[in-house]
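In the numbering used here, the protein residues as written are 6 to 208. One structure is given here, and the rest of the page talks about it.
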């Protein structure tokens, strides 16, 4: 029987990690696209070798790891480099995600991907769950947790799908606007009941 997959997405600073952590507390397997993206560029990987050849040795740190901050800065300013990187990594990340989904043991699994819709990963899932919050909260929350400047955070938000467009893809929405952690937890519990039922229903 194929695995029932819920795709979790939302803009930067929306609270995706908080939501996925609550699902994990309910023993739901979490597949994180960001972790998959790190796996495919581990030291010694073909992808990292290709990145070094394309961008130069200074994009690899002294531990042999990808210098993510430097690469992020480069691809934000160079669209052609971003397109090259995406064509290299997206198929590999998709392959890694599918391998992890195949190993999932819970009644359904959660695919967490900030760019679920932008990268067409929503085509892998049965339902799309969007964590929604306004831009002011996105900026405040991201600035509180990351060393990024407000200007950089705004550039990241601008590079992501607009909130209204993202919501148009949503089957379910978690409201994280001025919401307590307990409210978020209750929304997750309610959705878990729905997904448990849907996972048992023939597709």
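Every residue gets a Cβ at the ideal spot worked out from N, C-alpha and C, and that includes glycine. Just so it is clear, the structure is predicted and the values come from calculations on it, not from any experiment.
Under DSSP, residue 63 shares a beta bridge with no residue. Here DSSP, grouped into helix, strand and coil, assigns residue 8 to coil. The DSSP-derived three-state label of residue 34 is strand. Annotation: residue 179 is outside any alpha helix (DSSP H); the continuous beta strand (DSSP E) that includes it extends over 177-180. DSSP, reduced to helix, strand and coil, places residue 46 outside both helices and strands of the structure shown, so it counts as coil. Only exposed fits residue 7, as fewer than 16 other CB atoms lie within 10 angstroms of its CB.
By the CB criterion at 8 Å, residue 50 and residue 137 fall outside the cutoff. When the five nearest sequence neighbours on each side are left out, the beta carbons in the same chain lying within less than 7 Å of the beta carbon of residue 24 are those of 13, 136, 179, 189, 193, in order along the chain.
Contact between residue 44 and residue 131 is ruled out by a C-beta separation of about 24 Å, above the 8 Å threshold.
A straight line joining the alpha-carbon of residue 183 with that of residue 161 spans about 22 Å. For residue 71, the secondary structure class from DSSP, reduced to helix, strand or coil, is strand. In the DSSP assignment, residue 137 falls within the unbroken beta strand (DSSP E) covering 132-137.
About 7 Å separates the beta carbons of residue 33 and residue 113, which is inside the 8 Å limit, making them a contact pair. According to DSSP, residue pairing for residue 14 in a beta bridge involves 135.
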